[in-house]
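Chains as they are written, first to last, in our numbering: chain U, 365 to 693; chain A, 365 to 693; chain R, 3 to 326; chain L, 3 to 326. So the structure is just underneath, and the comments pick up after that.
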Ligand SMILES: Cc1ncc(C[n+]2csc(CCOP(=O)(O)OP(=O)(O)O)c2C)c(N)n1
Ligand SMILES: Cc1ncc(C[n+]2csc(CCOP(=O)(O)OP(=O)(O)O)c2C)c(N)n1
Ligand SMILES: [Mg+2]
Ligand SMILES: [Mg+2]
């Protein structure tokens, strides 16, 4: 891997925040998988295990005025951004919730004020959409940047190409992160493309390409921060490949027997959260007590949120037909 | 331009054939534009001026069993392949003809026996289709290659991406030629992409990329012959960028006032046919008399074909509703 | 005020909306320097600058997707398809991302996709299609198809001001063919409202687009045979104006549906289904459709003429139905 | 012979056609090693090898395009959409390249696009759609939607043997729900032929897909109220079997159309339009449609239940219509 370790520019507090947000992401994911096994989650569950550093690190490098279009393994980005955890869990439990009112599932949520653009299931679609958001920012004289994500499978959709090229041709303030977790459902990278490194795609669009260790949250943060800076001064898009491993099945009803065990072991040893924790402890930025306290706080927060979500009502049947169209002008 | 002049492997006869086919293409194009000005052509006319070397050189490098999917500036490829000139002209005149019976226009023609796949107007579409033809060849144990083309604008369609990646991932015997004529309708290359050279797209797919002077028919031939050889031995696709200039408007009702005059002058001086003619004369492969005779023959052939086409009936109105579906199993 | 063509009416509407609201902008292929394949946006680049008149790469899905993204940020994009036939390349963005956004996420997506559709110009199978029915079948979209310069003018304004994705089908055959004097700058035509283009008592023709002209010609001819035809110009093909549709059948009791699009599941099928369900008691005869047959649009003039509905075919069908 | 599920019936049909004809092959996402998201092709890679069971990149347009190209070379591809919702990403290849090829160029494009569609499994707006009507509106395509294991078996064979592009809509709710004994290997169900799933005299329900089951339940219930319902399973939704449609209305004089797809310009609109035009004299009541409302498919169970038609809603409508 060609990762360069960048000069450390993050404060202790920032590092601890990254750690905390990854922990939170992991805890939510664990909880959701428990709820799923209990039969309480409606619809598929796409585990975030392995993606915490990419999702948290990237979203943390943005400003609140920047635009974010997460994909299905970006719970972390939602949480960084301040999307409401209780509402997110209510959404997964098919309860009435502020985001979709139970009309849509998974992380198909967004918020106009938080500048989070909702994804849909169709992969790749968010790329042109986020490029358009970047265009709007430029038109409105803002110095905002738009960031979106794509999997190692979905890089082969037409929308990846049209969207990234559109952003490049118009030199838009746009960042695209490939979350390369080495599998697209059951299909390994080697059957998706003839590429050894996905970052090679960058040169086909005339944009810089950066490859980072996707399990190193600081590396992800730094890469995105640098890309955002470039974007803000008008230097156009950046393509970032963040390499990780999908640590569970495609969704929770996939046992992923097609994944070689060694791969999981290898990447299990590189767990992004444990790694960060070791660093913080080793460098004396955090004590074991601090860590334990943090984990307990997070566990409590997630428990409460899950309880709240479970207590929410299902949506009213009558609400099914309302709101297809926006009112007025 | 990074063209390397390859070792000359073509015989005198082959070179003269290339010259003759370019001349024929040019003469047909001239004739069609005259017919257009006379109001006899129905629909748009997309001039081939500037594309003769690419179209003729590439198609000539294939075997008859190879598969060809031409685009709208590939009259030359059709003629190389043995598509019927009289029928092509009848098609442009909206007459009854064997290819579409007047149901479709322009060069939207094909022939199953000649292995020419018909294009449609929607650009990029032929790329996945030709990749599929290459797949079929492999499945059937043939050593055929499939070749298709795309413009410098249409390289930005989703189908370019999906098709080329599909061929690369499956390592299909596939060749894609970008006919870079520097404009897509009115849009210059600089607004289509952020690339200096379109061949850079190749590295995003893990396939070799070759850039040739698109006004040098031999260079085009050699590049395609080499790519075909690679494809036949199982080494997968090649992307070739052939650089030329569109010497007329997008279609004949576009005066192309947006094109800088100097560009046309510069490229006019590099006319592929005049260049080849000079070479053949200089190298003593052809006498001025030979050239004159060839031109006269071609003029006569095209005149006769045009007369024949003009004499063909328009299709019968009743035929409009037949043949939407193929019969039988 | 001087009379303007259908094309100039669209252009005027677009320009006035651009002037009125800074967030309105245009994107598409060759719309800037070139002014568009049909010159609908000629001069716009000079007037509004490259930030609001954007020549895009040849990427319909990116055009639509970018329009959606910018609309979510408060812009009001107007995306041009060079020909409406090419809208199929942006299909997924339209039907899945744009159409469902408000229902799923309460987020408005104010955007317009517009461009030339329809036949009559020997454009062949890929430059002559009428792709409105696919979108009329898609909840969350609005679909309009003006038949006159005045409606073209009023509807482009309403489309731009609407908070939903609106597909605006121009008819290229009408571009330079029809002329009318335009009403004032404040004029709009409400989306969702049909228009009685001609009053009559014996039979109603429900139609839209180019076929309004042909239906009016047919009605005029039949007036000479003492058959009084009402012509309802649907204008908005989705959502349909049921009220006007039903009000007319109440008066005439006979329905002839005319459209240029192919027959099966063309917009006329929905009109017929509505009438057969909600106006069954009022019907005095079968609901007849005059449409293109179920084939691609053929290129050669005699074939295209055989394919297209026209006044003559409408007259023949109306005569039979009136006599029923 | 043992009873098999709807899913196993499809699988058996596919396998037998692969065995029968070397030119039949399959391509799609995760169909090989994994055997498909619903395991329809489990074991195929082992049996037929990687040249005939191809795991593709995540590229629906390339999947469809490659299928077309190979079909033009004499292969008989069967392309899987992981969910039929994703067919919108290959839309242009289907409606412009595949559908129009034979009309324009006399070249047959023998190919099948198949995959799971429909709701009832809380899949949400993007894993529950019924996208058949867009294609039923497109000349040059054939569209089938089997409702039983036997029809699923017979239709997949006919679809593969047909020389045209056929869209084969499986219903994921039926996959493991219905069981039947299959007829012998030579059995096929002709494309273009509807099936009278239940005979009756008072009213005809025209339906297809999952709603056949629900309509039969409704008919059974109404039989207890002395209303005799005929249920016509369209099976092929394009081109429609007019003969069977008209023969049934001749008998019952009342038409209820039921489909799971949304209302406006769903396939039912065409059935209604055909009846209103060609069977007007026979009708003794309005043509009523029971369909999903014009919204995306909502996710949460109570919403989805409100959205989906079912036996109860059919009974209510049929009762009203029978009493008309
Ligand atoms: C356009 C489209 N085609 C197919 C699918 C079905 N599908 C859902 S996730 C998935 C694999 C995605 O792989 P990747 O892009 O690598 O993301 P990952 O799940 O590995 O994070 C597939 C095929 C889809 N959602 N969208
Ligand atoms: C998908 C699609 N979008 C738009 C068009 C309209 N159109 C026809 S040719 C053209 C420009 C093509 O440019 P390029 O690919 O460079 O080919 P060239 O004509 O220069 O050879 C455009 C925009 C089309 N045919 N297909
Ligand atoms: Mg992946
Ligand atoms: Mg070009």
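Heads up, the beta-carbon is just placed ideally off N, CA and C, and yes, glycines get one too.
Query: Beta-carbon proximity of residue 511 of chain A to residue 536 of chain A, cut-off 9 Å; Result: no
Query: Between the CA atoms of residue 109 of chain L and residue 473 of chain A - distance to the nearest angstrom; Result: 10 Å
Query: Endpoints, alpha helix (DSSP H) assigned at residue 269 of chain R; Result: 269 to 280
Query: Proximity test, residue 546 of chain A beta-carbon vs ligand 4 heavy atom, cut-off 8 Å; Result: yes
Query: Beta-carbon contacts of residue 400 of chain A that lie in its chain and below 8 Å, excluding the five residues immediately before and after; Result: 409, 616
Query: Bridge-paired residues (DSSP) for residue 560 of chain A; Result: BP columns for residue 560 of chain A are empty, so no partner.
Query: Residue 33 of chain R burial status per 10 Å Cβ neighbour count (16 or more: buried); Result: buried
Query: Distance cut-off 8 Å: residue 37 of chain L Cβ against heavy atoms of ligand 5; Result: In terms of ligand content, the structure shown lacks ligand 5 and carries ligand 1, ligand 2, ligand 3 and ligand 4 instead.
Query: 9 Å Cβ cutoff, residue 373 of chain A in contact with chain R; Result: no
Query: Residue environment, residue 239 of chain L, which counts as buried when at least 16 other CB atoms sit within 10 Å; Result: buried
Query: Reference residue 259 of chain L, options L/205, L/98, L/189, closest by Cα; Result: L/205
Query: Sequence-distant residues of its chain with Cβ nearer than 6 Å to residue 366 of chain U (five each side left out); Result: Because the pLDDT at residue 366 of chain U is just 42, under 50, the model does not fix this residue reliably, and the value given afterwards should be weighed accordingly. The answer, listed in chain order, is 575.
Query: C-alpha distance - residue 543 of chain U paired with residue 25 of chain R, whole-angstrom precision; Result: 34 Å
Query: Residue 349 of chain R to residue 124 of chain R span [Cα, whole Å]; Result: This structure cannot settle anything about residue 349 of chain R, because the visible part of chain R is limited to 3 through 326.
Query: Helix, strand or coil at residue 286 of chain R [DSSP, three-state]; Result: coil
Query: Exposure label - residue 651 of chain U; buried when at least 16 CB within 10 Å; Result: exposed
Query: CB-CB length for residue 133 of chain R against residue 89 of chain R, believed under 8 Å; Result: 6 Å
Query: Stretch pair the stretch 573 to 588 of chain A + the stretch 636 to 643 of chain A: three plus CB contacts closer than 8 Å; Result: yes
Query: Sequence-distant residues of the same chain with beta carbon closer than 8 Å to residue 309 of chain L, five excluded per side; Result: 121, 294, 295, 297, 299, 300
Query: 4-residue-minimum alpha helix (DSSP H) runs that sit fully inside the stretch 144 to 213 of chain R, ordered along the chain; Result: 151 to 163
Query: CA nearest to the CA of residue 11 of chain R, picked from R/182, R/114, R/48, R/168; Result: R/182
Query: Paired residues, beta bridge with residue 119 of chain R - DSSP; Result: R/173
Query: Identity of the residues DSSP links to residue 573 of chain U by a beta bridge; Result: U/603
Query: Cβ contact (3+ pairs, closer than 8 Å) linking the stretch 590 to 599 of chain U and the stretch 551 to 566 of chain U; Result: no
Query: Beta carbon proximity, residue 132 of chain L to chain A, threshold 9 Å; Result: no
Query: Contacting positions in the stretch 167 to 189 of chain R - beta carbon closer than 7 Å to chain A; Result: none
Query: For residue 30 of chain L: DSSP bridge partner residues; Result: L/57, L/82
Query: Top-ranked residue by Cα proximity to residue 147 of chain R, from R/158, R/220, R/141; Result: R/158
Query: Positions along the stretch 546 to 570 of chain A whose CB lies within less than 8 Å of some CB in chain U; Result: 555, 556, 557, 558, 559, 560, 564, 565, 566, 567, 568, 569, 570
Query: Cβ distance (whole Å) where residue 142 of chain L is taken to contact residue 102 of chain L below 8 Å; Result: 5 Å
Query: For residue 510 of chain U, the residue or residues it bridges with in DSSP; Result: U/431, U/538
Query: Under 7 Å (Cβ pairs) to chain R, residues found in the stretch 283 to 309 of chain L; Result: 287, 288, 289, 290, 291, 296, 297, 298
Query: Cβ of residue 517 of chain U within 9 Å of any chain R Cβ; Result: no
Query: Continuous beta strand (DSSP E) stretch holding residue 260 of chain L: start and end; Result: 257 to 264
Query: Distance, residue 524 of chain A Cα to residue 112 of chain L Cα; Result: 24 Å
Query: Contacts of residue 142 of chain R in chain L (Cβ-Cβ under 9 Å); Result: 296, 297, 298
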